[in-house]
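*Asks:* Read in order, the letters of the sequence shown correspond to residues 0 to 288 in numbering that gives the first Met the number 0.
Cβ atoms here follow ideal geometry from the backbone N, Cα and C, with glycine treated the same way.
Given the structure is predicted, the values throughout are model-derived calculations rather than measurements.
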Amino acid sequence: MTQICGTTQLLGVIGHPIAHTLSPAMHNAAIAHLGLDYVYLPFAIAPERLAVAIAGFEAMGVQGFNVTIPHKQAIMPLLTTVTADARAVGAVNTVCRTADGWLGTNTDVLGFMAPLRERSPVSASETVVILGNGGAARAVVAGCDQLGYRQICVVGRSADKRREFMESWRSVPLTSRLSVHSWDDLPQLLPSATLVVNSTPLGMHPQEDRSPLSRTDLQQLPAGAIVYDLIYTPNPTRLLSEARELGAIALDGLEMLVQQGAAALELWIGQRAPVDVMRRTLKDALGLP
Ligand code: NAP
Numbered sequence: 000m001t002q003i004c005g006t007t008q009l010l011g012v013i014g015h016p017i018a019h020t021l022s023p024a025m026h027n028a029a030i031a032h033l034g035l036d037y038v039y040l041p042f043a044i045a046p047e048r049l050a051v052a053i054a055g056f057e058a059m060g061v062q063g064f065n066v067t068i069p070h071k072q073a074i075m076p077l078l079t080t081v082t083a084d085a086r087a088v089g090a091v092n093t094v095c096r097t098a099d100g101w102l103g104t105n106t107d108v109l110g111f112m113a114p115l116r117e118r119s120p121v122s123a124s125e126t127v128v129i130l131g132n133g134g135a136a137r138a139v140v141a142g143c144d145q146l147g148y149r150q151i152c153v154v155g156r157s158a159d160k161r162r163e164f165m166e167s168w169r170s171v172p173l174t175s176r177l178s179v180h181s182w183d184d185l186p187q188l189l190p191s192a193t194l195v196v197n198s199t200p201l202g203m204h205p206q207e208d209r210s211p212l213s214r215t216d217l218q219q220l221p222a223g224a225i226v227y228d229l230i231y232t233p234n235p236t237r238l239l240s241e242a243r244e245l246g247a248i249a250l251d252g253l254e255m256l257v258q259q260g261a262a263a264l265e266l267w268i269g270q271r272a273p274v275d276v277m278r279r280t281l282k283d284a285l286g287l288p
């Protein structure tokens with residue numbers, strides 16, 4: 000760990016609760032590796048204390064911070080500038096101090112895209128099916144839009160939430176490529192899906208034995224399809240082990256977690272983040288090889 004002294008600069012993560020966060024381990028390992036005079040701390044901030052906490056950060060000279068549940072939307076009116084990515088997603092996960100005030104962005108979009116960008120470029124006719132329409136699905140939609148998917152199909156279980164989800168993208172030009180569906184529509188959607196993303200908690204503790212897709216669903220995917228589970232523990236999830244068995248390309252959520260953190264750190268420190276160190280630290284914390 001970095002030696003804390005009189006010049007040490009503060010970074011951190013705000014949330015409520017926050018005790019489960021892996022971000023301090025990941026960021027402090029990167030800071031130590033680079034020999035920087037920073038420290039990254041967890042801050043448990045109750046929703047009704049958010050504004051006073053951010054004013055305190057301003058006064059204390061905090062250089063930047065991550066934002067997690069339940070503050071990702073509530074922080075937005077407290078910031079001077081919000082980037083287009085974060086406005087499209089409707090949530091901020093990273094805040095930087097600038098000369099003009101706080102700048103909010105959303106590095107989950109970059110984090111989500113990173114493992115897909117390493118593969119061949121998306122062709123003009125590709126369809127993605129996104130399972131779930133909660134917070135993470137919004138970063139996935141923005142990422143798939145940037146990657147060039149022609150059809151972005153979002154599957155949700157509540158008709159009201161599907162309607163609200165669709166409505167919330169109305170001012171964004173991608174609307175003609177976005178559609179919402181019930182789970183009953185999967186047999187029509189899966190045969191043309193070159194990418195399926197799980198953004199539900201199905202498969203995560205305490206639902207490790209569950210999968211959002213049955214083997215029959217997985218068998219409908221075209222050859223070479225990618226199944227991307229945003230869950231990073233357990234690793235692999237039931238969805239990913241069955242997808243792999245049936246010949247699909249399986250991607251887990253660990254790289255998204257690493258890359259969203261690396262993108263945030265680079266914004267704060269203005270230099271390349273040691274991604275390998277951050278990945279290794281997270282794997283160690285999660286007990287992964
Ligand atoms: P969220 O906002 O609570 O959204 C969860 C979505 O899953 C909602 O649409 C919810 O539907 C749906 N859902 C929940 N249980 C379901 C079930 N039994 N059947 C069908 N749909 C169900 O959560 P989130 O923040 O988007 O996170 C979702 C997942 O992504 C979590 O597993 C999280 O760990 C993971 N994640 C990973 C990363 C990463 O860096 N790898 C980042 C963010 C999130 P209703 O709204 O109808 O309840």
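What do you reckon, is the C-beta of A54 under 7 Å from a heavy atom of ligand 2?
*Replies:* In the structure on display, ligand 2 does not appear, and the ligands it does have are ligand 1.
*Asks:* Residue ranges of each alpha helix (DSSP H) run of no fewer than 4 residues wholly in the segment 46 to 99, ordered along the chain?
*Replies:* With a minimum length of 4 residues, the continuous alpha helix (DSSP H) runs that stay inside the segment 46 to 99 are 49 to 59, 83 to 88.
*Asks:* Check S181 in the structure and name its three-state DSSP category.
*Replies:* Reduced to three states, the DSSP call for S181 is coil.
*Asks:* What do you get for G147, buried or exposed, if any count of 16 or more other CB atoms within 10 angstroms of its CB means buried?
*Replies:* Burial call: exposed.
*Asks:* Could you pull out every residue in the same chain whose Cβ sits closer than 8 Å to the Cβ of L78, ignoring the five residues on either side in sequence?
*Replies:* Hits under 8 Å: V91, V94, G100, W101, L102, G103.
*Asks:* Which first and last residues belong to the alpha helix (DSSP H) in which T215 is found?
*Replies:* Here the alpha helix (DSSP H) through T215 covers 214 to 218.
*Asks:* Bridge partners of L201, per DSSP?
*Replies:* Bridge partners of L201: M203.
*Asks:* Skipping 5 residues on each side, what residues in its chain have a beta carbon closer than 6 Å to that of S122?
*Replies:* Contacts found: none.
*Asks:* Taking 7 Å as the cut-off, is the beta-carbon of K160 closer than that to any non-hydrogen atom of ligand 1?
*Replies:* Under cutoff, so the answer is yes.
*Asks:* Does the structure place the segment 187 to 203 close enough to the segment 159 to 172 that three or more beta carbon pairs sit under 8 Å?
*Replies:* Touching, no.
*Asks:* Check each candidate in G286, A224, D36, L266 and name the one with the smallest Cα separation from F64.
*Replies:* Ranking the options by Cα distance to F64, first place goes to L266.
*Asks:* Out of V196, V66, N105, which one is the CA nearest neighbour of T236?
*Replies:* It is V196 whose Cα lies nearest to the Cα of T236.
*Asks:* Put D144 into one of helix, strand or coil per three-state DSSP.
*Replies:* Residue state, collapsed to three classes: helix.
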